[in-house]
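Down below is the structure, laid out as structure tokens.
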Amino acid sequence: MGLRTKIGAAITVTAALVAVLIGFVVHHRTAVNQLATAREMITSRLASAVEDHAAGFDRAHTLVNPDGLPEPLRRAAEDRKTATYLDRGGSEPVLWAATRLGDDVIALRRPYTRETRNIQDLDDVLWTAGALGTAFSGIVGVSLAAFAGRRIDASARTAERIAEGDLTARLRPRGGKDEIARLTVAVNRMADALAARLQAEREVTANIAHELRTPVAGLVAAAALLPSGRPAEMVQERARRVRTLVEDVLEVARLDADAERADTEVRALGDLARRAVAAVTAAVTAAGGPGRTPAEVRVVCDGLVETDPRRVERILTNLVTNAFRHGAGPVVAEVDDGVVRVRDRGPGFPHQLLAHGPQRFRTDSGSGLGLGLTIAVGQARVLGARLTFENPEGGGAQAVLDLRDAVRGPVPD
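Quick note on numbering: the sequence shown equals residues 752 to 1164 in my numbering.
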């Protein structure tokens, strides 16, 4: 049940309870006042009848020692009290009044039908007014809840867009100083502060990587001049790793700045997958990874795609590299009509990645939360493609690159 429904239901229920309470109070007070007035009138008439009886003249409506006198009223009259009694035991209600004069009980009776009918008519009016008031309150409550709900929904959607990376998303301020207006201002301030902070972090990261690029290049060149031997190989390998890290950081900075544009051409997706897998396999072999099962490319249905081949190969290279580093063999890249699935038989992606996507500089989980997958996601965004991560049934991890929007037909024979 949504917030708008809850607010509308609460207002409607409250209005109904108020209507019932007011109706009960009006009914009770009207009935009490009506009965008190009727008792005063019949008591006054009884006093006149007693005076007439004492004078030896009884009117037609005066009852002397009646047989049908209610028992409570008879006992009160025998005690020489003047009392009234409303008898509802018959087909119609009757109001009695009686007192004792000498040895005689003088009584009066009158139908109470008109008062009962007035109460019933009043109840009908109260029920109708309560129903109309409740319906009107419900309509007004739902309208107000819908208006407030739309503003809250707008705030929630904007916050979701900001969480997904759209730092330009803002709410349109409206007049007023209510809580929702304050929420609008707070969301916009949060977005501004977050955008400024992320921009500062990106600039710092890009500047550091740019400043390191030249000395790292010199370090790689100097390491290449070392005499042959195991120490020289270790220095060269780590220098190359630092250079790769610096290049990756620069690439992430360019992707974050949305400065990258795809240079498209029509290529066979199967060929791009083979080139990427072959490059990763060669790199793993050159790094001294004996015993590793080479990655396999399976082309179920090949197709021509209009895309940037360099970026597609970069994405697939990172996915296959991630599978080698953090998964287990065999690693399979399957091409199927514009979709490439890279799967391994390792422990699978962690819940954090599946829920929030790759996060840079996070490799402690053992499933590839470093720059490789972050770059792959950024390159897919530049291509307008979709890159998703999942843990399929049967174990392992699977990354799916969806390029079906770029498919331009089958590969010619």
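The beta carbon of each residue, even a glycine, is placed where N, CA and C say it ideally should be.
Quick check on the burial criterion: 16 or more other C-beta atoms within 10 angstroms. Buried or exposed for residue i?
{"i": "HIS779", "result": "exposed"}
{"i": "GLN1130", "result": "buried"}
{"i": "GLY1160", "result": "exposed"}
{"i": "ALA947", "result": "exposed"}
{"i": "LEU1120", "result": "Below a pLDDT of 50, predicted positions are generally treated as unreliable, and LEU1120, at 39, falls in that range; the measurement from the model is reported next regardless. Buried, because 16 or more other Cβ atoms sit within 10 Å of the Cβ of LEU1120."}
{"i": "THR1125", "result": "buried"}
{"i": "HIS1107", "result": "exposed"}
{"i": "ALA1148", "result": "buried"}
{"i": "VAL1017", "result": "exposed"}
{"i": "ALA886", "result": "exposed"}
{"i": "LEU1020", "result": "buried"}
{"i": "ALA951", "result": "exposed"}
{"i": "ARG825", "result": "buried"}
{"i": "GLY1042", "result": "The pLDDT assigned to GLY1042 is 47, lower than 50, so where the model puts this residue is not dependable, and the model offers no usable value."}
{"i": "ASP818", "result": "exposed"}
{"i": "VAL1003", "result": "buried"}
{"i": "PHE1075", "result": "buried"}
{"i": "ALA907", "result": "exposed"}
Who are the Cβ neighbours of residue i in its own chain at under 7 Å, not counting the five residues just before and after it?
{"i": "GLY884", "result": "ALA766 and ALA770"}
{"i": "THR1032", "result": "PRO1045 and ALA1046"}
{"i": "GLY1123", "result": "ASN1069, THR1072 and ASN1073"}
{"i": "SER888", "result": "ILE762, THR763 and ALA766"}
{"i": "THR1015", "result": "GLU1057, THR1058 and ASP1059"}
{"i": "PRO823", "result": "TYR836"}
Excluding the 5 residues preceding and the 5 following residue i in the sequence, name in chain order all residues of the same chain whose CB lies nearer than 6 Å to its CB.
{"i": "ARG831", "result": "ARG851"}
{"i": "PRO924", "result": "THR935"}
{"i": "ALA983", "result": "LEU977"}
{"i": "VAL764", "result": "none"}
{"i": "ARG860", "result": "VAL845 and TRP847"}
{"i": "ALA896", "result": "ARG755, ILE758 and GLY759"}
{"i": "VAL1151", "result": "ARG1092 and THR1139"}
In terms of DSSP beta bridges, what is residue i paired with?
{"i": "GLN1149", "result": "ARG1094 and GLU1141"}
{"i": "THR813", "result": "Looking at the DSSP assignment, THR813 forms no beta bridge with any residue, so it has no partner."}
{"i": "LEU837", "result": "LEU846"}
{"i": "ALA858", "result": "LEU814 and ALA849"}
{"i": "ALA1084", "result": "VAL1048 and VAL1093"}
{"i": "LEU1158", "result": "In the sequence on display, residue 1158 carries Val and not Leu. Its beta-bridge partners are VAL1056."}
Less than 8 Å between C-beta atoms, sequence neighbours within five positions excluded: which residues of the same chain meet that for residue i?
{"i": "VAL777", "result": "LEU873 and LEU877"}
{"i": "THR909", "result": "ALA920, ARG921, LEU922, VAL938 and ALA942"}
{"i": "ALA968", "result": "ARG994"}
{"i": "HIS804", "result": "THR813, VAL815, LEU852, ASP855 and ILE857"}
{"i": "ARG1049", "result": "VAL1083, ALA1084, GLU1085 and VAL1086"}
{"i": "VAL1162", "result": "ALA1019, GLY1021, ASP1053, GLY1054 and LEU1055"}
{"i": "GLY807", "result": "none"}
Residue i and residue j look like a contact to me (Cβ under 8 Å); what is the Cβ gap, rounded to whole Å?
{"i": "THR794", "j": "THR833", "result": "7 Å"}
{"i": "GLY759", "j": "GLY840", "result": "47 Å between Cβ atoms; not a contact."}
{"i": "LEU1134", "j": "THR1058", "result": "6 Å"}
{"i": "ALA990", "j": "ALA1013", "result": "Rounded, the Cβ-Cβ distance is 32 Å, inconsistent with contact."}
{"i": "LEU934", "j": "ILE913", "result": "With 8 Å as the limit, LEU934 and ILE913 do not qualify as a contact, their Cβ atoms being about 14 Å apart."}
{"i": "VAL815", "j": "ASP854", "result": "In fact, because the Cβ distance is near 10 Å, the residues do not count as touching under 8 Å."}
{"i": "GLU1064", "j": "ALA1027", "result": "5 Å"}
{"i": "LEU1067", "j": "VAL1091", "result": "6 Å"}
{"i": "ALA800", "j": "ARG790", "result": "Not a contact, Cβ separation roughly 15 Å."}
{"i": "GLU843", "j": "PRO821", "result": "Not a contact, Cβ separation roughly 14 Å."}
{"i": "ILE931", "j": "ILE890", "result": "At roughly 21 Å, the Cβ-Cβ gap does not stay under 8 Å, so ILE931 and ILE890 are not in contact."}
{"i": "ARG755", "j": "GLY900", "result": "4 Å"}
{"i": "PRO1109", "j": "VAL1128", "result": "6 Å"}
{"i": "ARG1155", "j": "ASP1088", "result": "7 Å"}
{"i": "ASN1142", "j": "GLY1099", "result": "4 Å"}
Are any of the Cβ atoms in chain C nearer than 8 Å to that of residue i?
{"i": "HIS961", "result": "Although the question refers to chain C, the structure presented lacks it and comprises just one protein chain."}
Checklist entry - Enumerated in chain order, which unbroken segments of the alpha helix (DSSP H) with a length of 4 residues or greater are wholly contained in the region 999-1060? => result 1020-1037
Next on the checklist: Quick check for students: name the residue ranges of the alpha helix (DSSP H) that lie wholly in the region 936-962, counting only runs of 4 or more.
Outcome noted: none
Item to check | Complete alpha helix (DSSP H) runs within the region 863-917 (minimum length 4 residues, chain order) | outcome: You should have 864-914.
Next on the checklist: Please give me, in chain order, every unbroken run of the beta strand (DSSP E) with length at least 3 that falls completely inside the region 757-809.
Outcome noted: Listed in chain order, there is nothing to give.
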